[in-house]
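One structure is given below, encoded as structure tokens.
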Amino acid sequence: MQYDVVVIGGGPVGCAVALAMKNIGLSTAVLETQPKQSKI
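Position 30 of the sequence shown, counted from 1, bears residue number 31 in this note's numbering, the numbering being contiguous throughout.
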């Protein structure tokens, strides 16, 4: 798989960056080591 952007960390800032990149049309992956804790 290829992505335009890879965000390291799925905390509040990482999620905000990933969403911003998605909104401008870039394919984005978020890498996080902790289990999913929210519904976002």
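Beta carbons are placed, not taken as given, at the ideal position from N, Cα and C, and that holds for glycine.
A19 sits close to T29, with the two beta carbons spaced by under 8 Å.
M22 and G11 have their C-alpha atoms some 14 Å from each other. By the criterion of a C-beta distance shorter than 7 Å, V7 is surrounded in its chain by A30 and L32, once the five residues flanking it on both sides are discounted.
In the DSSP secondary-structure assignment, L32 is bridged to I9.
In this structure, DSSP gives G15 a helical state, which the three-state scheme calls helix.
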